[in-house]
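Q:
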Amino acid sequence: MKGLIRWGLIVSLAGGGFVGTSLVQQEAAIAIPEAEAVKRLETVPTFAVTDEKGSPVLAAVPNPKDKTKKIQVATFFMSQTDAQNLVNNLKANKPDIGKSARVTLISLRDAYEITKKNKDKQDQLVFQFIPNKEQVDLAKAILKQEGQDVKQFQGVPMFFAIGGKEKGLLTIEQGKEKIIPFYFRKQDLQGMIDQLKKQNNPLSGTTKIQVTSLDRLVGSLFKSEDATAKQIVLIPARDALEYAVQQQKKNGAQQKPSATPAATPKK
Numbered sequence: 001m002k003g004l005i006r007w008g009l010i011v012s013l014a015g016g017g018f019v020g021t022s023l024v025q026q027e028a029a030i031a032i033p034e035a036e037a038v039k040r041l042e043t044v045p046t047f048a049v050t051d052e053k054g055s056p057v058l059a060a061v062p063n064p065k066d067k068t069k070k071i072q073v074a075t076f077f078m079s080q081t082d083a084q085n086l087v088n089n090l091k092a093n094k095p096d097i098g099k100s101a102r103v104t105l106i107s108l109r110d111a112y113e114i115t116k117k118n119k120d121k122q123d124q125l126v127f128q129f130i131p132n133k134e135q136v137d138l139a140k141a142i143l144k145q146e147g148q149d150v151k152q153f154q155g156v157p158m159f160f161a162i163g164g165k166e167k168g169l170l171t172i173e174q175g176k177e178k179i180i181p182f183y184f185r186k187q188d189l190q191g192m193i194d195q196l197k198k199q200n201n202p203l204s205g206t207t208k209i210q211v212t213s214l215d216r217l218v219g220s221l222f223k224s225e226d227a228t229a230k231q232i233v234l235i236p237a238r239d240a241l242e243y244a245v246q247q248q249k250k251n252g253a254q255q256k257p258s259a260t261p262a263a264t265p266k267k
């Protein structure tokens, strides 16, 4: 993964560390040029199940457009534990595939680039991002509290905070940087808010956790240029960050999964 220079800041925020807070007015559209937006995905770890060559282990599922045909599905997990559970399942039930299956760390930027390169193959190859179930349940609970009838949450939940009379986005001051954090794990954001309360910060009384999806957030980042969007930082779950840091220290430069299919487990 790239972008390690910012990991000190990211890990600090994942643990609730900050210097000061303020609010910025939420813009109607949050977007920056694509090259700049892609860089913001560098510090987010995802986890793919690959073979020893780094090729994704694919699953064959019915094509929703034509049930008589199959499409290949490659999965990126937001949780290392979930990815490892799939590896364990393959070793137990599909030993011919499982014997070479492993969890491969890959940045969200690289995952995005792989999916982008294969977007013209959607009838044959699909990439999906699997969120942590606990975070999905927490996201649904937030939406239900707001009166929405939610049976399922589409995509990977992203949690953020608003506050004040204008319900502006909560901004964190970290050194010379001012950032607007969007969290993959609600508990990490709640930890930051709890620190505000302990410090008797006036914003703590009006701060409220909201949720959107990773697809919506990333999609909006790519639309148009906006000054506010340059402050947005994606904060992965602390355990995912810690695992990623440990693996990089252990293995050095990491292998990036290729888009070349590996063996396909039969359903």
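Just so we're aligned, residue 1 is where the sequence shown starts under full-length UniProt numbering, counting upward by one.
The beta-carbon is built from N, C-alpha and C at its ideal position, and this holds for glycine as well.
(1) Identify which residue in 166, 114, 151 has its Cα closest to the Cα of residue 203.
(2) On the three-state DSSP scale, how would you describe residue 249?
(3) Quick one: Cα of residue 229 to Cα of residue 156, how far?
(4) Measuring alpha carbon to alpha carbon, tell me which of 160, 193, 222, 98 ends up nearest residue 58.
(5) Exposed or buried, what is residue 131 when buried is set at 16 or more other beta-carbons lying within 10 Å of its beta-carbon?
(6) Distance cutoff 8 Å, beta carbons only. Does residue 121 sit that close to anything in chain C?
(7) Is it true that the CB of residue 45 sits closer than 8 Å to the CB of residue 105?
(8) Within 10 Å of its beta-carbon, does residue 250 have 16 or more other beta-carbons around it, so buried, or fewer, so exposed?
(9) Is it true that the CB of residue 159 sits closer than 8 Å to the CB of residue 183?
(10) Is the beta carbon of residue 231 less than 8 Å from the beta carbon of residue 171?
(11) Thinking C-alpha only, which one of 201, 127, 123 is nearest residue 113?
(12) Where does residue 158 fall in DSSP's three states?
(13) Evaluate residue 168 with the Cβ neighbour count: other Cβ atoms within 10 Å of its Cβ, from every protein chain shown; 16 or more gives buried, anything less gives exposed.
(14) Can you check the stretch 137 to 223 for any alpha helix (DSSP H) of at least 4 residues that lies completely inside it and give the ranges in chain order?
(15) Please classify residue 161 as buried or exposed, where buried requires at least 16 neighbouring CB atoms within 10 angstroms.
(16) Report the rounded CA-to-CA distance for residue 198 versus residue 191, giving the unit in angstroms.
(17) Residues in the same chain with beta-carbon distance under 6 Å from residue 248, minus the five sequence neighbours each way, listed in chain order, please.
(18) Going along the chain, which residues of its own chain have a beta-carbon closer than 7 Å to the beta-carbon of residue 186, five neighbours each way excluded?
(19) I need the DSSP call for residue 111, collapsed to helix, strand or coil.
(20) By Cβ distance, which residues of its chain are closer than 7 Å to residue 61, with the 5 residues on each side in sequence left out?
A: In this structure, then:
(1) In the sequence shown, counting from the first residue as 1, residue 203 sits at position 203. Ranking the options by Cα distance to residue 203, first place goes to 166.
(2) Looking up residue 249 in the sequence shown gives position 249. Residue 249: helix per DSSP, three-state reduction.
(3) Mapped onto the sequence shown, residue 229 falls at position 229. Mapped onto the sequence shown, residue 156 falls at position 156. Rounded to the nearest angstrom, the two C-alpha atoms are 20 Å apart.
(4) For this step, residue 58 is matched to residue 58 along the sequence shown. A check of alpha carbon separations from residue 58 across 160, 193, 222, 98 identifies 98 as the nearest.
(5) Taking the first residue of the sequence shown as position 1, residue 131 is located at position 131. Residue 131 should be labelled buried.
(6) Considering every chain present, this structure includes no chain C. It has just one protein chain.
(7) Position 105 of the sequence shown, counting from 1, holds the residue named residue 105. Position 45 of the sequence shown, counting from 1, holds the residue named residue 45. Against a cut-off of 8 Å, the Cβ pair of residue 45 and residue 105 comes out as a contact.
(8) For the purposes of this step, residue 250 is identified with residue 250 of the sequence shown, where counting begins at 1. With fewer than 16 neighbouring CB atoms inside 10 Å of its own CB, residue 250 falls in the exposed class.
(9) Counting from 1 along the sequence shown, the entry for residue 183 is found at position 183. Counting from 1 along the sequence shown, the entry for residue 159 is found at position 159. Against a cut-off of 8 Å, the Cβ pair of residue 159 and residue 183 comes out as a contact.
(10) By one-based count along the sequence shown, residue 231 stands at place 231. By one-based count along the sequence shown, residue 171 stands at place 171. It is a contact, given that the beta carbons lie within the stated cut-off.
(11) Working through the sequence shown from its first residue, we reach residue 113 at position 113. Distance check between residue 113 and each of 201, 127, 123 places 127 closest, using alpha-carbon atoms only.
(12) Your numbering for residue 158 matches position 158 in the sequence shown. Correct three-state label for residue 158: strand.
(13) By 1-based counting over the sequence shown, the position of residue 168 is 168. Label assigned to residue 168: buried.
(14) 186 to 198, 214 to 221
(15) For the purposes of this step, residue 161 is taken as the residue at position 161 of the sequence shown. Residue 161 should be labelled buried.
(16) On the sequence shown, position 198 is the one that residue 198 refers to. On the sequence shown, position 191 is the one that residue 191 refers to. One C-alpha to the other measures close to 11 Å.
(17) As a first step, residue 248 is located in the sequence shown; it is residue number 248 there, counting from the start. Closer than 6 Å at the Cβ level, and outside the excluded window around residue 248, lies no residue.
(18) Here residue 186 corresponds to residue number 186 of the sequence shown, with the count starting at 1. Here residue 186 has 135, 138, 159, 209 as same chain residues with Cβ atoms under 7 Å from its own Cβ, once five neighbours each way along the sequence are excluded.
(19) Against the sequence shown, residue 111 aligns to sequence position 111. Correct three-state label for residue 111: helix.
(20) Position 61 of the sequence shown, counting from 1, holds the residue named residue 61. Closer than 7 Å at Cβ, skipping near neighbours: 70, 71, 73, 267.
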